[in-house]
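Following: one structure in structure tokens, then a few remarks.
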Amino acid sequence: KTGYVTLDTGFVNTGSCQSAITYIDGDAGILRYRGYPIEQLAQNSTFLETSYLLIYGELPTTEQLTAFDSSIRHHTLLHEDMKRFFDGFPRDAHPMPVLASAVNALSTFYQDNLNPTDPAGVDLTTIRLMAKLPTIAAYAYKKSIGQPFLYPDNSLGTVENFLRMTFGFPAEPYEVNETARAALDLLLILHADHEQNCSTSTVRTVGSAQANMFASIAAGINALSGPSHGGANQAVLEMLENIHRSSDDVDGFVKRVKNREEGVRLMGFGHRVYKNYDPRAALVKKMADDVLTKLGVSDPLLDIAMELEQHALSDDYFIERKLYPNVDFYTGLIYKALGFPNRMFTVLFALGRLPGWIAQWREMMQDPAFKISRPRQIYTGPGERDYVGVGNR
Ligand code: SDX
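In full-length UniProt numbering, the protein residues as written are 38 to 430.
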């Protein structure tokens, strides 16, 4: 049943629910989407196929995947008025609030299909979000660098189209690099769902009030932007760059973390559920060296990251607290090698997590037992007291 109230660390921790989408065993470091181990999906699947699995519950047949792909390709375009929407933001706007605002604004263009209890409207909104989020993400990037938008090209698949809209340029042809496409496709699979994390719980909470899917996903994007959550991939790169730039070596930085200096945390480490190595981090670490080598990129930050990991994994402070690398620790190094600036990293996390948010929102809406989310509390304020006039305070 949804809405369990459990007392945990002294707070009323609600929102526990039943779900058939993703299984995590934090102690064993296990992650499965609809029962399929993440390692097998990483090895054999594609982001689109994994998205279908998460949203509809089964791996698609060839016909189903072709139809899903074709539907998405034919909804990638934004309404022309949506293009003007980006003009309202300052050039140096962070792309995450732009992404959240644009997704929320999408609901104003599709007012006939917003009813969360109408299966046809929910299916159409599912396709529209899967198709348009990459376009919005690419436009947010183009806006930030003052380059013209490129319209989507429906002859390309989701990931290629996104890379082309992001890095392509009207003045010259753009060829998608296969290494980059394969690397991004895999990273999107690894981010596709993660049971009831902060942003997914936010999507469920907003949706539980019968808010439409655009509004719920926009709320999830905002939750993801926090550095404790999806914003960590950008914070990891900034941490590595600071170590590289400063006289501080890895040992010195680790000492500052252990001394709990204000605001100094080992970003990309630790997890509320994984008290073992995050299986996604292991897969990303494995591919990092290979992708950077294939792209001909040599980045000293990768060596710093590996040294930092080695140091932490052998240090009692981190061992006692069961702090291991999480999915955000190595991903930024690959995103950077693909040409993305630090500020786009969390946008890429959102692109990957979208099918998971949609699947979780749909599951909740289809659950006859679900009710509006209404957490309770342990009241710690003053007992009853009488009003005192301002002259007597
Ligand atoms: C994601 O939930 C999900 O599934 C999220 C996610 C997903 O796919 O959706 O996996 C994606 O958000 C990954 C996490 C990305 N965030 C970071 O990398 C930021 C750095 N990590 C920390 O802020 C922290 O580890 C959290 C937020 C991830 C988890 O926090 P918890 O479980 O609440 O842990 P805590 O704050 O209670 O810490 C327990 C102890 C504390 O020490 P003590 O005060 O008990 O002595 O560990 C320490 C913390 O100070 N600690 C860290 C640390 N993380 C925890 N110390 C140094 N560096 C860190 N990163």
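Backbone N, C-alpha and C fix where the C-beta goes; we use that ideal spot for every residue, glycine too.
Since the structure is predicted, the reported quantities are computational estimates derived from the model, not experimental observations.
- The shortest C-alpha to C-alpha distance from G183 to any of R71, R411, R128 and Y354 is the one to R128.
- When I173, G289 and T237 are compared, the shortest CA-CA separation from Q397 is found for T237.
- Rounded to whole angstroms, the gap between the alpha carbons of G244 and E95 is 23 Å.
- DSSP places R110 in the helix class (H, G or I) of the three-state scheme.
- Non-local beta-carbon contacts of I75 in its own chain, meaning distances under 6 Å to residues more than five positions away in sequence, involve L68 and P316 in chain order.
- Rounded to the nearest angstrom, the Cβ distance from M304 to A269 is 5 Å, consistent with a contact under 8 Å.
- Counting other Cβ atoms within 10 Å of its Cβ, N259 reaches 16 or more and is therefore classed as buried.
- Counting along the chain, the unbroken alpha helix (DSSP H) around I280 starts and ends at A269 to R282.
- When the beta-carbon positions are compared, A252 and N141 come within less than 9 Å of each other.
- Take L221, set aside five residues on each side of it, and the residues of its chain with a beta-carbon closer than 6 Å to its own are V196, in chain order.
- Excluding the 5 residues flanking it on each side, F126 has same chain C-beta neighbours closer than 6 Å at V135, in chain order.
- Using a Cβ distance threshold of 9 Å, G389 and L227 count as a contacting pair.
- Contact between the region 150 to 169 and the region 399 to 407 is present, with at least three C-beta pairs closer than 8 Å.
- Residue environment: I92 is assigned as buried (16 or more neighbouring CB atoms within 10 Å of its CB, all protein chains considered).
- Going by C-alpha positions, R293 is about 9 Å away from E299.
- Around the beta carbon of D230, 16 or more other beta carbons lie within 10 angstroms, which makes this residue buried.
- Restricting attention to I164, T103, Q148 and L102, the CA atom closest to the CA of L391 is found in I164.
- Under the DSSP assignment, I61 falls in the beta strand (DSSP E) whose first and last residues are T59 to D62.
- A distance criterion of 8 Å places the beta-carbon of C235 in contact range of the ligand SDX, judged by its closest non-hydrogen atom.
- Not one heavy atom of the ligand SDX lies closer than 8 Å to the C-beta of D423.
- Rounded to the nearest whole angstrom, the C-alpha separation of Y70 and V427 is 60 Å.
- The C-beta distance from A79 to V384 rounds to 21 Å, too long to fall under 8 Å, and the pair is not in contact.
- As the crow flies, the alpha-carbon of H266 is around 47 Å from that of N429.
- R69 sits in a strand when the DSSP states are folded into three classes.
- Taking a 10 Å sphere around the C-beta of I58, we find 16 or more other C-beta atoms and assign the residue as buried.
- Proximity to H111 across F355, K295, R413 and K169 peaks at K169, based on C-alpha coordinates.
- In this structure, the CA atom of G307 is about 24 Å from the CA atom of A256.
- When rounded, the separation of the alpha-carbon atoms in F382 and L339 is 16 Å.
- For D326, the uninterrupted alpha helix (DSSP H) run begins and ends at P316 to K331, by DSSP.
- Burial of Q271 is indicated by the presence of at least 16 other C-beta atoms within 10 angstroms of its C-beta.
- For E215, the shortest separation between its Cβ and any heavy atom of the ligand SDX does not lie below 8 Å.
- Non-local C-beta neighbours of Q233 in its own chain, meaning closer than 6 Å and more than five positions away in sequence, are absent.
- Distance from the C-beta of A272 to the nearest heavy atom of the ligand SDX is below 8 Å.
- T172 places its beta carbon 9 Å or farther from that of P185.
- Spanning the alpha carbons of D64 and R309 requires a straight line of approximately 11 Å.
- In its own chain, leaving out the 5 sequence neighbours on each side, no residue places its CB closer than 8 Å to the CB of G418.
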